Every structure is written in structure tokens, then in C-alpha cells.
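Residues 3 to 182 in our numbering are what the sequence shown spells out, letter by letter.
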Amino acid sequence: MNKSLIIYGSQYGTTKQYAEHLSAMTGIEAVAFKEAKDIDKYERVIFMGALYAGSVLGLKKTVSKMSSKQELVVVTVGLVDPTDPENINYIRHSVRERVPEHLYDETRIFHLHGAIDYSQLSLKHRMMMAVIHSKISKMPEEKFNAESKTILATYGKKEDFVDYSSLTAVITFINRYDIA
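Structure representation (C-alpha cells):
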């Protein structure tokens, strides 16, 4: 059985960039979740997924192919601050809803800061963000959470919060016993 495989779900490329960087730093193969085959042949799956509308792109499909004997490491990539406790709780809840209990209990979860470029968003995503922005704009400020503030601050802009040094914690974790 092979040791590790990086599987990623990326909509606009930021998660793919992180996955490729992690692959280059560790020597572990990285593949898109739509192309991942024979997942059951790996001891450890490092799943990296973009956060969109409360979901982690490709996570549910990936874990459906895993057994309880495999180790799962989840790395989420999103626009919200990955160090904010409110965001962390929200992300963990989202992951918990998509990962079967037999895998979730042993799953290690990491969060990375992503990027957004409104000029690159699909029409569907631009419209979705416009609706969300409009709703948030009408709310009283005291009801804003960290996600609302981020959406207001980045709306219509190109923002890049990618920080490859944040992969250090992931690398340290996956190397705790061995490499790849």
C-alpha cells in the first residue's frame, strides 16, 4: 500500500496552487478529486478543498471512496481568516457534515487563507456573491460575523492571502512518522 496521496478540489486555482506547492515540498503526488483513482491503495489521503457556500469542494466524493483504515487529513482553503475561532468552528462543522464518523474522529483539519478575483468568477458565482453582499449590506453592523466582514471588505476586488509558509504545520503533521 502506498503511503500518501494529495487530492484537491479547486474551483479557481488557489487550492490547486497550494496542493502543487505541498506536493513539491513533500514529494507526494497531487491529483484533482475528479481524477483520483484507487484511493483505497493509500494509507493516508491529504485532501485539500476550496470552501464554497458552506461546502468543501470534492470532500464528500473523496471520502466516499475511503475506508476506516485510512488516515484522512483535511486542508481547507478559503477567503475567511483561518485563525479566527468563529471561522474555525464553522469550517469544522462543514467538514463534520461531509465526513463519515468512522473517518472524522481521527481526522486532522488545517485551514489556509485563499484568494479571490471577482473578474474571474463565473456568472453564477458573481450573482451569488452579489446577493450575499446585498443581504450583508442591509444588516446592522453589530450582526456582522467574521465572514460577513470579509465579504464586505473583498467584494468586487482581487485579493490574495495565499501564504505557502502556512503549509509548514501540514508538513510537520504528515511527517510525524515518515515522509510520503
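Built from N, CA and C at the ideal position, the CB exists for glycine as well. These numbers come from a predicted model, not from an experiment.
- Fully contained in the stretch 71-101 are the following alpha helix (DSSP H) runs of length 4 or more, in chain order: 87-100.
- The beta-carbon separation of residue 24 and residue 79, rounded to 11 Å, does not stay under the 8 Å limit for a contact.
- Considered as a whole, the stretch 154-182 harbours 160-162 as its complete beta strand (DSSP E) runs of no fewer than 3 residues, in chain order.
- By the CB criterion at 7 Å, residue 16 and residue 10 fall outside the cutoff.
- Burial state of residue 96 is buried, judged by a 10 Å Cβ sphere holding 16 or more other Cβ atoms.
- Counting along the chain, the unbroken beta strand (DSSP E) around residue 34 starts and ends at 32-34.
- Annotation: the stretch 6-64 contains the following complete segments of the alpha helix (DSSP H) (minimum length 4 residues), in chain order: 16-28.
- Secondary structure of residue 114 (DSSP, three-state): strand.
- For residue 119, the pairing in a beta bridge is given by DSSP as 160.
- Segment contact: the stretch 65-81 against the stretch 112-126, three or more CB-CB distances shorter than 8 Å; contact assigned.
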